[in-house]
């Protein structure tokens, strides 16, 4: 758990355009897809809440990373969520962050 906490702190502190942020999104996607919805490890809620903010800070600068982040969120939304609190956290987080139009940026 300490290792995940350290990773989370480094990932959150890194700039949206950094290699750490990009590799972190891949790692987060792998972990969330493996854990969700069977068990939600402590940093998972923070990661889910941080993805919309990442999209907002990226704007149209990295369509590949934006798409990867959106795919993670969409995949989690399609799954059954026995943990209502995590689902509510994701809905709250996404509702309060305006997402950039990456479809236009990717075109």
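Residue numbers (the working numbering): 2 to 108.
Heads up, the beta-carbon is just placed ideally off N, CA and C, and yes, glycines get one too.
Bear in mind that the values here come from a model prediction, so they are computed numbers and not experimental data.
Expected contact under 8 Å - CB spacing of residue i and residue j to nearest Å
i          : j         : result
residue 44 : residue 9 : 4 Å
Cα-Cα separation, residue i to residue j
i          : j          : result
residue 71 : residue 4  : 25 Å
residue 26 : residue 18 : 12 Å
residue 52 : residue 36 : 17 Å
residue 63 : residue 13 : 17 Å
residue 24 : residue 78 : 22 Å
residue 58 : residue 20 : 15 Å
residue 61 : residue 54 : 13 Å
Limits of the alpha helix (DSSP H) - the one that residue i falls within
i          : result
residue 31 : 20-36
residue 6  : 3-14
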